[in-house]
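Working notes, structure below.
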Amino acid sequence: MWGRQNEIKTGVLRRSAGAGAFAPACPEAAPAGARVLAVASGKGGVGKSNLTVNLGLALAALEQRVIILDADLGLANVEVLLGVTPPVNLFDCLYRGRDIHDALVPAPGGVRFISGGSGFLELANLDQQRRSQLVASLAQLDGEADFLLIDTGAGISKNVLAFLAAAGEVIVVITPEPTSLTDGYALIKVLSRFRSHREVLLAVSRAAGGAEARETARRVEAAAGRFLDIGVRYLGAIYEDRAVNRAVRAQRPFMLAEPRSRPARAVADMAGQLLTGRREEAAVRRPGINGFFSRLARAFG
54 MWGRQNEIKT
64 GVLRRSAGAG
74 AFAPACPEAA
84 PAGARVLAVA
94 SGKGGVGKSN
104 LTVNLGLALA
114 ALEQRVIILD
124 ADLGLANVEV
134 LLGVTPPVNL
144 FDCLYRGRDI
154 HDALVPAPGG
164 VRFISGGSGF
174 LELANLDQQR
184 RSQLVASLAQ
194 LDGEADFLLI
204 DTGAGISKNV
214 LAFLAAAGEV
224 IVVITPEPTS
234 LTDGYALIKV
244 LSRFRSHREV
254 LLAVSRAAGG
264 AEARETARRV
274 EAAAGRFLDI
284 GVRYLGAIYE
294 DRAVNRAVRA
304 QRPFMLAEPR
314 SRPARAVADM
324 AGQLLTGRRE
334 EAAVRRPGIN
344 GFFSRLARAF
354 G
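Numbering of the sequence shown is given in the working numbering, commencing with residue 54 and proceeding in unit increments.
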């Protein structure tokens with residue numbers, strides 16, 4: 054495992070250095086509070102969960118402490134992609150007396166994840182005391198992660214929007230398909246109305262190549278710049294590749310199964326971008342895990 058992680062880390066460092074100055078991330082030097090990134094999409098089936106899992110692994114290879122939160126209610130995409138079945142989920146912590154650390158499941162590649170199960174749906178039904186107890190419990194994780202990546206559901210339901218509004222940063226995943234572009238833009242439009250973020254990050258999935266990915270991103274950026282009061286920044290693309298399908302079937306993320314593949318290199322580039330050049334601005338927007346769950350509980354209340 055360590056050989057693969059070193060291979061990923063070396064690749065990210067090399068590509069980041071080629072793109073500009075790279076300051077290796079150091080957890081001890083990072084500002085207090087984890088960076089909380091919610092990964093969302095306007096429609097399902099665009100590769101959102103795949104990006105979340107593999108981005109987490111790329112960040113972990115760069116010595117970042119990563120927790121992935123599966124908040125796609127009713128589904129279990131994260132655990133399927135990681136090939137790990139969690140013995141405890143958030144519902145067990147809410148109603149069966151399990152400690153939050155019991156729900157923090159280690160996975161290959163150095164990441165950990167929490168399965169939300171139906172637990173987040175129960176937040177709306179908790180009284181203030183129970184909700185405060187839950188937030189206090191989850192706050193224990195604040196010093197244990199540099200990144201909290203949240204795999205949200207697709208679309209613009211109330212639950213999804215609550216996660217996005219509470220997160221410090223949002224990545225919107227789209228494909229070049231017209232329906233995905235339309236739905237992705239609609240999601241960004243809603244976020245603009247919330248005024249919860251000055252900027253969203255855009256990731257293009259299933260593009261045929263760099264030109265198609267950049268043109269897809271340019272169209273969204275141009276529309277947002279003309280009609281919306283929110284910035285859109287292109288983070289990168291995962292190109293159409295058989296390595297993705299092979300990894301899904303094997304229940305082993307492509308960052309681990311095929312770290313030299315085109316999708317793995319692309320995600321490594323995204324991880325490098327998240328750790329370079331914008332550290333000061335990111336620090337301002339770090340709510341920490343405690344702050345994130347506090348805002349989320351209020352949103353569900």
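Glycine included, each C-beta is placed from N, C-alpha and C at the ideal position.
Taking one beta carbon from each stretch, the region 149 to 169 and the region 297 to 314 have 3 or more pairs nearer than 8 Å; the two touch.
Around the Cβ of E132, a 10 Å sphere holds 16 or more other Cβ atoms; the residue is buried. Secondary structure note for T205: it is in no alpha helix (DSSP H), and the uninterrupted beta strand (DSSP E) holding it is 200 to 207. DSSP, read as helix, strand or coil, puts G289 in strand.
Pairing L202 with G109 gives a Cβ-Cβ distance under 8 Å. Segment contact: the region 244 to 261 against the region 116 to 128, fewer than three CB-CB distances shorter than 8 Å; contact not assigned.
Taking the CA atoms as reference points, D155 sits about 6 Å from V141.
Around the Cβ of T228, a 10 Å sphere holds 16 or more other Cβ atoms; the residue is buried. C-alpha of E175 to C-alpha of Q186: approximately 14 Å in a straight line.
Counting C-beta atoms within 10 angstroms of its own C-beta, E311 has 16 or more neighbours from the protein chains shown and is therefore classed as buried. DSSP places I283 outside both helix and strand once states are collapsed to three, so it counts as coil.
For E311, there is no enclosing beta strand (DSSP E), as DSSP gives it neither H nor E. Between A93 and V320 the beta-carbon gap is near 17 Å, outside 8 Å, which marks them as no contact. The C-alpha of T235 is placed about 34 Å away from the C-alpha of A198.
E252 is bridged by DSSP to G284.
I291 is a Cβ neighbour of L104, given a cutoff of 8 Å.
CA-CA distance, S168 to Y148, rounds to 15 Å.
Shortest Cα-Cα distance from N298 to any of R318, L328, R259, A266 involves R259. Judged by their CB atoms, K96 and A207 are nearer to each other than the 8 Å cut-off.
Sorting D123, G150, D152, C146 by C-alpha distance to the C-alpha of T138 places D123 at the top.
Taking a C-beta distance under 8 Å as the contact criterion, R315 and D294 qualify as a contact pair. The bridge partners DSSP lists for S94 are A207, V226.
The criterion of a C-beta distance shorter than 8 Å is satisfied by L281 and I241. 8 Å or more divides the Cβ of V301 from the Cβ of L255. Scanning its chain for C-beta atoms nearer than 8 Å, with the 5 sequence neighbours on each side dropped, one finds around A220 the residues V89, L90, A91, I203, P340, F345, in chain order. For R165, the three-state secondary structure derived from DSSP is strand.
Rounded to whole angstroms, the gap between the alpha carbons of R251 and R279 is 15 Å.
Just so you know, the alpha carbons of G86 and N212 end up roughly 24 Å apart. Around the CB of S210, fewer than 16 other CB atoms lie within 10 Å, so the residue is classed as exposed. Selection V257, L328, A261 evaluated against V99 yields V257 as nearest (Cα-Cα). Per the C-alpha coordinates, the member of A261, T205, F200, L217 positioned closest to E230 is A261. Around the CB of A350, 16 or more other CB atoms lie within 10 Å, so the residue is classed as buried.
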